[in-house]
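> One structure coming up, written as structure tokens, with questions to follow.
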Amino acid sequence: TDPESATEALMPKEPDNSLRPRRMDEMVGQRDVIERLKIAIDAAQGRGEPLGHILFDGPPGLGKTTFATVIPAEMRTTVEMANGAGLKAPKDLLPYLTNLSEGAVLFIDEIHRIPKAVEEYLYTAMEDFRIDIILGEGVSARTLNYELRPFTLIGATTRAGMLSAPLRDRFQIREHLGWYNHAELCEIVRRNSVKLKVPIDDGSASVIASRSRSTPRLANNRLLWLRDYSQSKAKGKVDAQIATAALDMIGIDELGLDKQDRGYLDTLMRVFLGGPAGLEAIAHTMNVSSDTLEDEVEPFLLRSELIVRTRRGRMATQKAFEHMKVTPPKVTP
Ligand code: ADP
């Protein structure tokens, strides 16, 4: 099909956990969050109690899962990983809850996707470390009140706004993960280039950092691609020019936008004449899901002031027209 998207599909994804920090001190940035968490961990350990439940929210790739792995490591405990999309009924939670050892962590990614029934089941588990298990069916059904070992729930969501207030309120600690700045991304790239044995200089680190949409996961993915590119095209050499050529080749522009990001802007500017256009209409035209657009594409475009959200829909800004080199439609008064 489309050659450009084919190249992106070939792009190396992070070999899952190899670049993920193992300890909190290996994490770059998010200093405030880390400082608060360290205090909470310290205090909980001092009291010999499990850490309070924690909710992380923020766009994809900013470190929610990483926090869910380093926190149990700091506490020298284990973690069970679940995904909200897979928890369709209360019984899907049972194996996770009953397997937890005392003080262990249950991580639920995409927690905004759990249905109401599962959410309500979580309430007593979170609050009293108890659950009701229904045995049998119909008239012979009995309810068994089951005591859980005290645990810490860590929830992650890209949509804090979609969580119901009762669920949100049951998390003692709520942290929003924000975007990473240029220096932090350079630092992540430099550290990981050592792990990957890519001889990277400051110039190339800076090219990757500025084309990673303020997101560590993307910085890692771009670095992995640069490693492949350099090996096969530049005899293992890396400099700013080679880094630029490598990223150009897979359609990553100077702002770090990829093909899908530019497709969104292009649709909004050409098909909808700059908007306002509804998210669903844009998604239909692009033939992608509106969730993908809302979670993965829009946050950075909004943050970069390339689009704005109005009550009547999304609108492209002047900056977007300039970036995409599209002439804005004439406004007829
Ligand atoms: P999320 O769960 O928010 O989608 P992840 O925690 O999976 O994001 O982060 C994606 C990748 O980015 C991780 O595997 C890790 O390598 C890297 N990363 C995220 N946050 C940091 C950080 N603070 N310091 C260093 N690397 C990070």
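Just so you know, we're using my numbering here: the sequence shown kicks off at 11 and counts up by one.
C-beta: ideal position from N, C-alpha, C; glycine also.
Keep in mind the model is a prediction, meaning the values are calculated, not measured.
First and last residue of the alpha helix (DSSP H) that includes Ile44?
Along the sequence shown, one-based indexing puts residue 44 at 34. Unbroken alpha helix (DSSP H) run through Ile44: Arg41 to Arg57.
> How would you label Glu120, buried or exposed, when you count the other beta carbons within 10 angstroms and need 16 or more for buried?
In the sequence shown, counting from the first residue as 1, residue 120 sits at position 110. Burial call: buried.
> Does DSSP put Glu90 in a helix, a strand or coil?
Working through the sequence shown from its first residue, we reach residue 90 at position 80. In the structure shown, Glu90 sits in a strand (DSSP, three-state: E or B).
> To the nearest whole angstrom, what separates the beta carbons of Thr167 and Asp67, a pair I think is in contact under 8 Å?
The residue labelled residue 167 in the question sits at position 157 within the sequence shown. The residue labelled residue 67 in the question sits at position 57 within the sequence shown. Yes, Thr167 and Asp67 are in contact; Cβ-Cβ is about 5 Å, under 8 Å.
> Classify Arg32: buried if its beta carbon has 16 or more other beta carbons within 10 angstroms, exposed otherwise.
Walking along the sequence shown from the start, residue 32 turns up at place 22. It is exposed - the Cβ of Arg32 has fewer than 16 other Cβ atoms within 10 Å.
> Does Phe181 come out as helix, strand or coil in the three-state DSSP assignment?
As a first step, residue 181 is located in the sequence shown; it is residue number 171 there, counting from the start. Coil at Phe181, not helix or strand.
> I think Arg110 touches Leu158, with their Cβ atoms under 8 Å apart; what is that distance to the nearest whole Å?
Mapped onto the sequence shown, residue 110 falls at position 100. Mapped onto the sequence shown, residue 158 falls at position 148. It is Leu, not Arg, that sits at residue 110 in the sequence shown. Between Leu158 and Leu110 the Cβ distance is about 7 Å, and since that is below 8 Å, they are a contact.
> Run the CB neighbour count on Ser214, radius 10 Å, all protein chains shown included, and call it buried at 16 or more, exposed below.
The residue given as residue 214 occupies position 204 in the sequence shown. With 16 or more other Cβ atoms within 10 Å, it is buried.
> Buried or exposed: which applies to Tyr190, given that a residue is buried once 16 or more other Cβ atoms fall within 10 Å of its Cβ?
As a first step, residue 190 must be located in the sequence shown, where it is residue number 180. It counts as buried.
> Would you grab the beta carbon distance between Val199 and Val248 for me? Rounded to a whole angstrom, and I think it's under 8 Å.
Along the sequence shown, one-based indexing puts residue 199 at 189. Along the sequence shown, one-based indexing puts residue 248 at 238. Not confirmed; about 11 Å, so no contact.
> Flag this pair as touching only if the segment 273–291 and the segment 322–335 have three or more C-beta atom pairs under 8 Å; answer yes or no.
Yes, they touch.
> Hey, Arg30 and Thr79: beta-carbon distance below 8 Å or not?
Position 20 of the sequence shown, counted from the start, is the residue given in the question as residue 30. Position 69 of the sequence shown, counted from the start, is the residue given in the question as residue 79. Yes, the pair counts as a contact, with Cβ atoms nearer than the cut-off.
> If you follow the beta strand (DSSP E) that Arg9 is part of, which residue opens it and which one closes it?
Here the chain has residues from 11 to 343 only, and residue 9 is not among them.
> In whole angstroms, what separates the C-alpha of Pro13 from that of Asp258?
On the sequence shown, position 3 is the one that residue 13 refers to. On the sequence shown, position 248 is the one that residue 258 refers to. Low confidence applies here, because Pro13 scores a pLDDT of 46, under 50, leaving its location unreliable and the question unanswered by this model.
> Hey, would you say Val9 sits closer than 8 Å to Ala53, going by beta carbons?
Since the displayed the chain opens at 11 and closes at 343, residue 9 lies outside it and no answer follows.
> Using a 10 Å radius around the Cβ and a threshold of 16 neighbouring Cβ atoms, would you call Leu267 buried or exposed?
Along the sequence shown, one-based indexing puts residue 267 at 257. When all chains shown are included, Leu267 counts as buried.
> Using CA coordinates, which residue listed in Leu177, Pro226 and Ile260 is at the minimum distance from Leu236?
Position 226 of the sequence shown, counting from 1, holds the residue named residue 236. Ranking the options by Cα distance to Leu236, first place goes to Ile260.
> Would you report the Cα separation of Ser174 and Tyr239, rounded to the nearest angstrom?
Taking the sequence shown and counting its residues from 1, one reaches residue 174 at position 164. Taking the sequence shown and counting its residues from 1, one reaches residue 239 at position 229. Each residue's Cα considered, the two are about 46 Å apart.
> Is Gly323 helix, strand or coil by DSSP?
Within the sequence shown, the letter at position 313 stands for residue 323. DSSP places Gly323 in strand when its eight states are reduced to three.
> Buried or exposed: His192, going by 16 or more other Cβ atoms within 10 Å of its Cβ?
As a working note, residue 192 is residue 182 in the sequence shown. Exposed, by the Cβ-count rule.
> Mind checking which residues open and close the beta strand (DSSP E) that includes Ile356?
The shown model of the chain, from 11 to 343, leaves out residue 356, and the question about it has no answer.
> Excluding the 5 residues preceding and the 5 following Gly39 in the sequence, name in chain order all residues of the same chain whose CB lies nearer than 7 Å to its CB.
What you label residue 39 is simply residue 29 of the sequence shown in a count that begins at 1. Taken in chain order, the residues that qualify are Tyr190 and Glu194.
> Measuring only the C-alpha atoms, how far is Asp305 from Leu278?
As a first step, residue 305 is located in the sequence shown; it is residue number 295 there, counting from the start. As a first step, residue 278 is located in the sequence shown; it is residue number 268 there, counting from the start. Their backbone Cα atoms lie some 17 Å apart in a straight line.
> Which stretch, first to last residue, makes up the beta strand (DSSP E) that contains Ile143?
For the purposes of this step, residue 143 is taken as residue 133 along the sequence shown, with counting starting at 1. Counting along the chain, the beta strand (DSSP E) containing Ile143 begins and ends at Arg140 to Leu145.
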